[in-house]
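Here's the structure we're looking at; comments come further down.
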Amino acid sequence: MTSDGNMILEVVDHASGHLAAGFLSSNASNILQAQGGDHVGIDMPPPEQVPARQPPAPVELIRALWSISLLTLVPAITTALYKPARGVVFAHNKLSYYLALSVIVALGLGEAFTAFWLSRPGGGSRRRLTLGRAVLCASVLPFAAVLGIAGYGFIQG
């Protein structure tokens, strides 16, 4: 007990061996002294085990696939419809411009189909999720390509 009537409280967690200390006000220390003296023990149950982090849930994977497919499809389609072929690579070869945009649209549709396929019943199987993750990783390439093609068209006006 301290000189001003407060009691020092020590709590030991037996599972981890941690010691926590604190002060109790004089009112609380009077109650504790009336119940049994200066030493009070508090038993703490051992902490619950936290399970290891699981891979992303199918819902998160499906949402990511839908997002990347829309982010790929919208600029590819709008660029094909509204921006003519320009630049060093595509100015003289319009067929390669529209062929590249057509391939990007097809890949974006494949990403959307994969998201739809995973959202169907039975989409939580390990094989489907592995394929979905592979498609998500591969979808970075058409997204970067459409940003390069569409971005150049928007920068040039």
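Positions 2 to 158 (the working numbering) are the ones given, in order, by the sequence shown. The C-beta atom is built at its ideal place from N, Cα and C for all residues, glycine as well. Treat the numbers as computed from the prediction; the structure is a model and nothing was measured.
With residue i as the anchor, note down where its alpha helix (DSSP H) starts and where it stops.
i, result
"residue 59", "59 to 83"
"residue 128", "127 to 139"
"residue 112", "95 to 120"
"residue 88", "88 to 91"
Using a Cβ-Cβ cutoff of less than 8 Å, which residues in the same chain neighbour residue i once the five nearest sequence positions on both sides are dropped?
i, result
"residue 79", "151"
Apart from the five residues just before and just after residue i, which ones in its own chain have a Cβ nearer than 7 Å to its Cβ?
i, result
"residue 65", "137"
"residue 133", "62, 66, 115 and 119"
"residue 141", "none"
"residue 143", "73, 105, 108 and 109"
"residue 130", "59 and 62"
For the candidate residues the options, whose alpha-carbon lies nearest to that of residue i?
i, options, result
"residue 60", "96, 98, 140 and 121", "121"
"residue 77", "125, 86, 106 and 68", "106"
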